[in-house]
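All remarks here apply to the structure that follows.
There are 2 protein chains.
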Amino acid sequence: MVALTIKQNWNTIAKEFEAVVGKNGVIRKREELLVYECDGLTSYRERPELVVLPRTTEEVAALVKICDRYQVPFIARGSGTGLSGGALPIKNCVLIVTALMKRIISIDLENQRVVVQPGVINNWVTQAVSGAGFYYAPDPSSQIICSIGGNVAENSGGVHCLKYGVTTNHVLGLKLVLPDGSIADVGGEIPEMPGYDLTGVFVGSEGTLGIATEITLKILKTPESIRVLLADFTSIEAAGATVSDIISSGIIPGGMEMMDNFSINAVEDVVCTECYPRDAEAILLIEVDGLEIEAETNSQRIAAICSQNGARNVTIATDPDERLKLWKGRKAAFAAMGKISPDYYVQDGVIPRTKLEYVLHEIALLGEKFGYHVANVFHAGDGNLHPLILYDNAVPGALEKVEELGGAILKLCVKVGGSISGEHGIGADKRCYMPEMFSPADLETMQFVRQAFNPKGIANPTKIFPAPRTCGEAAKAGVIKEFAGVELF
Amino acid sequence: MVALTIKQNWNTIAKEFEAVVGKNGVIRKREELLVYECDGLTSYRERPELVVLPRTTEEVAALVKICDRYQVPFIARGSGTGLSGGALPIKNCVLIVTALMKRIISIDLENQRVVVQPGVINNWVTQAVSGAGFYYAPDPSSQIICSIGGNVAENSGGVHCLKYGVTTNHVLGLKLVLPDGSIADVGGEIPEMPGYDLTGVFVGSEGTLGIATEITLKILKTPESIRVLLADFTSIEAAGATVSDIISSGIIPGGMEMMDNFSINAVEDVVCTECYPRDAEAILLIEVDGLEIEAETNSQRIAAICSQNGARNVTIATDPDERLKLWKGRKAAFAAMGKISPDYYVQDGVIPRTKLEYVLHEIALLGEKFGYHVANVFHAGDGNLHPLILYDNAVPGALEKVEELGGAILKLCVKVGGSISGEHGIGADKRCYMPEMFSPADLETMQFVRQAFNPKGIANPTKIFPAPRTCGEAAKAGVIKEFAGVELF
Numbered sequence: 007m008v009a010l011t012i013k014q015n016w017n018t019i020a021k022e023f024e025a026v027v028g029k030n031g032v033i034r035k036r037e038e039l040l041v042y043e044c045d046g047l048t049s050y051r052e053r054p055e056l057v058v059l060p061r062t063t064e065e066v067a068a069l070v071k072i073c074d075r076y077q078v079p080f081i082a083r084g085s086g087t088g089l090s091g092g093a094l095p096i097k098n099c100v101l102i103v104t105a106l107m108k109r110i111i112s113i114d115l116e117n118q119r120v121v122v123q124p125g126v127i128n129n130w131v132t133q134a135v136s137g138a139g140f141y142y143a144p145d146p147s148s149q150i151i152c153s154i155g156g157n158v159a160e161n162s163g164g165v166h167c168l169k170y171g172v173t174t175n176h177v178l179g180l181k182l183v184l185p186d187g188s189i190a191d192v193g194g195e196i197p198e199m200p201g202y203d204l205t206g207v208f209v210g211s212e213g214t215l216g217i218a219t220e221i222t223l224k225i226l227k228t229p230e231s232i233r234v235l236l237a238d239f240t241s242i243e244a245a246g247a248t249v250s251d252i253i254s255s256g257i258i259p260g261g262m263e264m265m266d267n268f269s270i271n272a273v274e275d276v277v278c279t280e281c282y283p284r285d286a287e288a289i290l291l292i293e294v295d296g297l298e299i300e301a302e303t304n305s306q307r308i309a310a311i312c313s314q315n316g317a318r319n320v321t322i323a324t325d326p327d328e329r330l331k332l333w334k335g336r337k338a339a340f341a342a343m344g345k346i347s348p349d350y351y352v353q354d355g356v357i358p359r360t361k362l363e364y365v366l367h368e369i370a371l372l373g374e375k376f377g378y379h380v381a382n383v384f385h386a387g388d389g390n391l392h393p394l395i396l397y398d399n400a401v402p403g404a405l406e407k408v409e410e411l412g413g414a415i416l417k418l419c420v421k422v423g424g425s426i427s428g429e430h431g432i433g434a435d436k437r438c439y440m441p442e443m444f445s446p447a448d449l450e451t452m453q454f455v456r457q458a459f460n461p462k463g464i465a466n467p468t469k470i471f472p473a474p475r476t477c478g479e480a481a482k483a484g485v486i487k488e489f490a491g492v493e494l495f
Numbered sequence: 007m008v009a010l011t012i013k014q015n016w017n018t019i020a021k022e023f024e025a026v027v028g029k030n031g032v033i034r035k036r037e038e039l040l041v042y043e044c045d046g047l048t049s050y051r052e053r054p055e056l057v058v059l060p061r062t063t064e065e066v067a068a069l070v071k072i073c074d075r076y077q078v079p080f081i082a083r084g085s086g087t088g089l090s091g092g093a094l095p096i097k098n099c100v101l102i103v104t105a106l107m108k109r110i111i112s113i114d115l116e117n118q119r120v121v122v123q124p125g126v127i128n129n130w131v132t133q134a135v136s137g138a139g140f141y142y143a144p145d146p147s148s149q150i151i152c153s154i155g156g157n158v159a160e161n162s163g164g165v166h167c168l169k170y171g172v173t174t175n176h177v178l179g180l181k182l183v184l185p186d187g188s189i190a191d192v193g194g195e196i197p198e199m200p201g202y203d204l205t206g207v208f209v210g211s212e213g214t215l216g217i218a219t220e221i222t223l224k225i226l227k228t229p230e231s232i233r234v235l236l237a238d239f240t241s242i243e244a245a246g247a248t249v250s251d252i253i254s255s256g257i258i259p260g261g262m263e264m265m266d267n268f269s270i271n272a273v274e275d276v277v278c279t280e281c282y283p284r285d286a287e288a289i290l291l292i293e294v295d296g297l298e299i300e301a302e303t304n305s306q307r308i309a310a311i312c313s314q315n316g317a318r319n320v321t322i323a324t325d326p327d328e329r330l331k332l333w334k335g336r337k338a339a340f341a342a343m344g345k346i347s348p349d350y351y352v353q354d355g356v357i358p359r360t361k362l363e364y365v366l367h368e369i370a371l372l373g374e375k376f377g378y379h380v381a382n383v384f385h386a387g388d389g390n391l392h393p394l395i396l397y398d399n400a401v402p403g404a405l406e407k408v409e410e411l412g413g414a415i416l417k418l419c420v421k422v423g424g425s426i427s428g429e430h431g432i433g434a435d436k437r438c439y440m441p442e443m444f445s446p447a448d449l450e451t452m453q454f455v456r457q458a459f460n461p462k463g464i465a466n467p468t469k470i471f472p473a474p475r476t477c478g479e480a481a482k483a484g485v486i487k488e489f490a491g492v493e494l495f
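Order-wise, the sequence lines are chains A and B.
Our numbering applies: residue 7 is where the first sequence begins, and numbers increase by one.
Our numbering applies: residue 7 is where the second sequence begins, and numbers increase by one.
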């Protein structure tokens, strides 16, 4: 390659991009780049050099080929709602934004599948098929804004993933643009294709193996009947034991959420649902679905288990409006925290259900030790905790302390046999904790795969895997700078 | 390496193996090697040079390191019941047999998981936990003899995988010996671990990425109640429409099997169940499980759907003995074919449920064209066909013709949007059909992964991926000889 200055090179690249997607498809102005400096993990920021907005698989392939030729790193971004910094830019990178790839390509009700472009919003899938009696199961809290491409990258979960599984259980096949710009199909239109399950590898790979440009999703029949139960308890222990007893009884609810006293009051203060008893130490929100008779029988069984464990009251809602009312507070819980505290930091860890009581107690102790209140609103059924650490970012050093507390909580999750991420991914935020869960040999095995797909390291470098620098150092620097894999110009 | 004759080298390797597993753990005598010449795909045979029987992960690792050092290919084998030749030896190979790795390492009922060595027989897992009210869901026909290691390698299915999914849905984590002899853990004790889903890649990789030496399985609660329905139809069309209607109604039965008139009569001739009406064109066997009320309601609904589609009779069995009686003929169907025909060739393909009627008709036409009868006994609910081609191997050229017919059936499956394997794997038998399903780019993407794990190509070479030679040539040669990846001594 002819030696050019960095600026000249970026000018050339921008022109080549424009030849693919048109002038309007390339963003280079500083002020317009501002919104792309971070995703949902707002504590890290970095400006991309270029943002580019393709519309088709072929355009994505052409853009990636240009990146490959110039050896510039590219990072895919959907709606930018991810909470682990998976779409966080690095210095001198191209951000390939899928916001214009919003087409639902095909709907096949008979075979219960839908093919979408990655920019399609999660909720649109259900909207497109609900009239015919179907829905798309994974439902992240951000479902009215997050994209299916982002869900695939982060293997997103949601309230209803207890019974139906997270995103990877709902993706049948993918059309991919690999990091060298070639196009490949993995999986297909039916489950369990022969050969290696590359669909499974790709889902949750956070953009490090390429970009999914067409996604074949499974859709499910809308259940005949739904019940929502609200049970209130005078102790966390009793609520935790109830969760274990329900699962042990063989019933798998559609969702089973827990909120602690602090969260209940935050929600009542802000959303005023008047649904949740302010003096309860914990409430459980449990949804059961299925045939009418099944939902009815299971809700009665669950109510009995709640009572046996000392629930003071159990409310069962059948009517859609009543059900919505019970869910309202839970759905507004994060927003409520944002109103009662200047800032909050949401952590995402998984523990075995049987350790619920112990871990919540330890989290409270850790909170005391660090001097922060930790609220708990989470997917109790699958042990997926979301501790919310309340703090004030204006206090110097607060973020670092909060991150340290968040890290201590993750280490606690690993210690009891759990995981450092349930549904938000590793991204930039948690890569330093990967060695807590995986041995060097295990991480190396993953790196084999990364290198197989992404030998030049230009697809979302620095994400998922622990960087050469220690985590504390990266946090202090405030941005993720390492991109060891490629020499820039 | 000092240049030695092939024989001297094998003597050296055998001695090194003996140092790891003892004299009794290494088999070299010609007559003792005989049983290892093929697996369940008996039409191909090749003698391994050495068979070795390790007992622990460390022993497997030590053996694989020796193979790596001498660059000799190794092939893992469980019980040898696989039907696609996944454990078929190649010339100058080592067969690592897991038959002595039969330990159930731990049972954790609270968290519903069991850790086993790969030689543990499928059925033992359920036996070990059934007293406590649990079971292991995947149930291949060979479940009383096939090993969990083999199930993992081939991603095995079974009658009850319609509702609960095939093996990959029930494996939480794996301890692996990689092809260089290093040990790595993938997955873990909880579902949805962060990082790449290497557990998913490994399950179904047919020994080409290494050997699983410890397997963490999910176990499920035994359902409260089970019903088995037998419905008989005067046309295949009506039975096929019933299958589609049941699934469309939102009910997912535990299993839904179809048998055609020929199979019904074969079973009645041999097993004499007196359960199946000899004049039915097709029967459906449908199992529903769940809560008592759920099983009862669903069985009544299904019975109504059968009647609406013209079923002459619908029998519902609740009592365990009655249920067993209804299943007996289905379970004995393959054996029955073996009694009424000198030989049979079982094919394994998948089609979209909606194409059932068309495909069965086309299969009958293909059978007529080739001059063979094709019986159909299969997992109708998930569109997983098992056409049984009846023939006489003593007739010169018959096997080749039957294989050609089998191939034509697979191509038909692919043409209607299905797959060349539902649950038996690709192995040696079907690799030539991989290009029917996957483009060169798609296959290359899989090869990236294979090379990442297995750069020297010594782990089960020549399996899954199309060989350089055409399929017809390989079939004519009668054995699989290619091992292009490694030069032997």
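Every residue gets a Cβ at the ideal spot worked out from N, C-alpha and C, and that includes glycine.
Small disclaimer: the values here were computed from a predicted structure and weren't measured.
By the three-class DSSP mapping on this structure, what secondary structure does residue i have?
i       : result
H367(B) : helix
R119(A) : strand
D2(A)   : No answer is possible for residue 2(A): it lies beyond the span of chain A, which begins at 7 and ends at 495.
V131(A) : helix
A439(B) : The displayed chain sequence assigns Tyr, not Ala, to residue 439(B). In this structure, Y439(B) counts as helix in the three-state DSSP scheme.
K356(B) : For the sequence presented, residue 356(B) should be read as Val rather than Lys. DSSP places V356(B) in strand when its eight states are reduced to three.
G187(A) : coil
A218(B) : strand
Y42(A)  : helix
F444(A) : coil
I96(A)  : coil
G246(B) : helix
Below 8 Å on the Cβ atoms is my contact criterion, and I expect residue i with residue j to pass it. Report the Cβ-Cβ distance as a whole number of Å.
i       : j       : result
I395(A) : L371(A) : Contact flag wrong, Cβ pair sits at about 14 Å.
A342(B) : E263(B) : About 14 Å separates the two Cβ atoms, so there is no contact after all.
V249(A) : L362(A) : 6 Å
A458(B) : F454(A) : 4 Å
Does the CB of residue i have a neighbour CB from chain B at under 8 Å?
i       : result
S425(A) : yes
N315(A) : no
Q353(A) : no
P146(A) : no
I196(A) : yes
F184(A) : In the sequence on display, residue 184(A) carries Leu and not Phe. Output row for L184(A): interface = yes.
A458(A) : yes
F454(A) : yes
L297(A) : yes
So, residue i versus residue j, is the Cβ gap smaller than 8 Å?
i       : j       : result
G215(B) : R34(B)  : It is Leu, not Gly, that sits at residue 215(B) in the sequence shown. No; because the gap between Cβ atoms is not below 8 Å, this pair is not in contact.
I415(B) : P393(B) : yes
G424(A) : P358(A) : yes
G206(B) : D203(A) : yes
I299(B) : R284(B) : no
Measure from the C-beta of residue i to each C-beta in chain A and report whether the shortest distance is under 8 Å.
i       : result
I308(B) : no
I221(B) : no
V2(B)   : The first residue shown for chain B is 7 and the last is 495, placing residue 2(B) beyond what the model contains.
Does the beta-carbon of residue i, which I'm using as the reference point, lie nearer than 7 Å to any heavy atom of the ligand MG?
i       : result
G344(A) : The ligand MG is absent from the structure shown, which contains no ligands of any kind.
Taking contact to mean 3 or more Cβ pairs, one atom from each stretch, closer than 8 Å, check whether the region 130-141 of chain B and the region 222-230 of chain B are in contact.
yes
The region 177-184 of chain A in contact with the region 290-304 of chain A per 3-pair CB rule at 8 Å
no
For the region 67-74 of chain A and the region 22-31 of chain A, state whether three or more C-beta atom pairs, one from each stretch, are separated by less than 8 Å.
Contact between the region 67-74 of chain A and the region 22-31 of chain A is present, because at least three Cβ pairs lie under 8 Å.
Would the region 123-132 of chain A count as touching the region 40-53 of chain A if we require 3 or more Cβ pairs under 8 Å?
no
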